[in-house]
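A short worksheet on the structure shown next.
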Amino acid sequence: MSVADRIVSYLAPADNSAQTIKEGFSVSSPAAAASSGEDRHEGQTGGLLPDIRINRQSFGQDMISEEDDSFEEEGRPPYLHAMIAGGLGGSTGDMLMHSLDTVKTRQQGDPHIPPKYTSLGSSYHTIWRQEGIRRGLYGGWVPALSGSLPGTMLFFGTYEWSKRFLIEHGLQHHLSYLTAGFLGDLAGSVVYVPSEVLKTRMQLQGRYNNPYFKSGYNYRGTVDAARTIVRHEGLSALFHGYQATLYRDLPFSALQFMFWEQFHAWARTYKQSRDVGVPLELLTGGLAGSLAGVMTCPLDVVKTRLQTQVHPDLLPKESKAAAKTTTHASTSKSQMRNISTSSPSTHTPRPGAVNLQTSSVIQGLKVIYQTEGLSGWFRGVGPRGVWTFIQSGTMLFLYQRILKQLEVWNPPVEAQREHAI
Numbered sequence: 004m005s006v007a008d009r010i011v012s013y014l015a016p017a018d019n020s021a022q023t024i025k026e027g028f029s030v031s032s033p034a035a036a037a038s039s040g041e042d043r044h045e046g047q048t049g050g051l052l053p054d055i056r057i058n059r060q061s062f063g064q065d066m067i068s069e070e071d072d073s074f075e076e077e078g079r080p081p082y083l084h085a086m087i088a089g090g091l092g093g094s095t096g097d098m099l100m101h102s103l104d105t106v107k108t109r110q111q112g113d114p115h116i117p118p119k120y121t122s123l124g125s126s127y128h129t130i131w132r133q134e135g136i137r138r139g140l141y142g143g144w145v146p147a148l149s150g151s152l153p154g155t156m157l158f159f160g161t162y163e164w165s166k167r168f169l170i171e172h173g174l175q176h177h178l179s180y181l182t183a184g185f186l187g188d189l190a191g192s193v194v195y196v197p198s199e200v201l202k203t204r205m206q207l208q209g210r211y212n213n214p215y216f217k218s219g220y221n222y223r224g225t226v227d228a229a230r231t232i233v234r235h236e237g238l239s240a241l242f243h244g245y246q247a248t249l250y251r252d253l254p255f256s257a258l259q260f261m262f263w264e265q266f267h268a269w270a271r272t273y274k275q276s277r278d279v280g281v282p283l284e285l286l287t288g289g290l291a292g293s294l295a296g297v298m299t300c301p302l303d304v305v306k307t308r309l310q311t312q313v314h315p316d317l318l319p320k321e322s323k324a325a326a327k328t329t330t331h332a333s334t335s336k337s338q339m340r341n342i343s344t345s346s347p348s349t350h351t352p353r354p355g356a357v358n359l360q361t362s363s364v365i366q367g368l369k370v371i372y373q374t375e376g377l378s379g380w381f382r383g384v385g386p387r388g389v390w391t392f393i394q395s396g397t398m399l400f401l402y403q404r405i406l407k408q409l410e411v412w413n414p415p416v417e418a419q420r421e422h423a424i
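In this note's numbering, each number is its position in the sequence shown, counted from 1, plus 3.
Here you go:
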């Protein structure tokens, strides 16, 4: 059913359809407006529809609102489809940007003075030339993929369920999208945070017995890394940085999907179709991610600073378990160094940056503002905006494309019934 059909059926009840149509619309032909009988005849046969012109001043906002509602109803995929499409789209986007995340992780965790890795371009080239792609730039891809796929599946499943539940219970659409994005990331974090700890350490290490970069980590593989961390640091070490990660990622996901739903609704209104085309799909997803990334940049900055600063007062407490034997002493000390455990963290603390001396995100924001000003909050905003634009655009584009393909392969029950009729 076209948009005009919906509006006519909504505004024109069966008993006085011609009168209602006259009140709600202007008819281009004076002759068509001369006789109500002719109007009624044309309305029944559909001949009037091509001559109807919607009065945008009086009905524009209502039309957009009703159109958004209709698209929302039509665009509700089965939960399993949403989870599959989201998992494949999200993990593909993460893998596409993994090498850039590796470079940023090396910059954050570089123990050398002066630092070995400085600018993005030179760092990328150095890692590629010395260590290659698979064990260098794509080191840690196994735990990254093992966390990204189920994490994004949980995210999209929770997001779709929460969004529908909130909208059906009368919550305004924007707030529904915002809240659903928040809840979706909270559900996915249970999976992706432990995998991020493993991924980050494998990224820093590179290959086993890496002669080019001394990170303090030397695991034989992902399984050995998980076993070693749990044995010497406890299971809680796999959730290192969990709170700081949530402070940044929950607002980011909430804003990202609120913006995306709104941008996509505007695109569908502009195109008058659910299919907005490849350019607009990429643009709406990319802009949503980039805008959310820029707005949450201060949280990214303080998160990185909190996780990369040295805490001398915590060293004795954290080294008790490893101090029992001299064999594991050096490994324990190297693993106490806090590094970012959530990609992408595109902020690299400048040399001589003040130590925050706190574990509070709010207090950390205050310290950065007092010592570095507003520019300190938005340090690294350029790389973060670019990263989130590409990753978000890729993820949401693939999400929509895979959903459409799944709908073709396995149409919903309602579509099957309509086809049978």
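Think of the CB as a built atom: it goes at the ideal place given N, C-alpha and C, for glycine as much as any other residue.
- Straight through space, the alpha carbons of ALA147 and GLY160 are spaced by roughly 20 Å.
- Here LYS166 is buried, its C-beta having at least 16 other C-beta atoms within 10 Å.
- In the structure shown, TYR215 adopts coil according to DSSP, grouped into three states.
- Counting only residues of its own chain and dropping the five nearest sequence neighbours on each side, THR391 has a CB closer than 6 Å to the CB of GLY292, SER293, GLY296.
- Annotated as distal: THR225 and SER102, with beta-carbon spacing of 9 Å or more.
- About 16 Å separates the beta carbon of TRP263 from that of GLY280, a gap too long to meet the 8 Å contact definition.
- The three-state secondary structure of PRO81, taken from DSSP, is coil.
- Bounds of the alpha helix (DSSP H) holding HIS176 are 176–208.
- SER276 carries a coil assignment under DSSP once its states are collapsed to helix, strand and coil.
- LEU91 is positioned such that its CB atom lies closer than 9 Å to that of LEU152.
- Inter-segment contact for the segment 367–384 and the segment 259–279 is absent: fewer than three beta-carbon pairs are separated by less than 8 Å.
- Proximity of the segment 215–234 to the segment 175–194 falls short of the contact definition, fewer than three beta-carbon pairs being nearer than 8 Å.
- Taking a contact to require three or more Cβ pairs closer than 8 Å, the segment 240–260 and the segment 139–146 do not qualify as touching.
- Counted as a single uninterrupted DSSP element, the stretch harbouring MET100 is not any alpha helix (DSSP H), since DSSP gives it neither H nor E.
- The closest CA to that of ARG387, considering only ILE365, ARG230, PRO301, THR397, is found on PRO301.
- Annotated three-state conformation of GLN373 is helix, per DSSP.
- The continuous alpha helix (DSSP H) containing HIS235 extends over residues 225–236.
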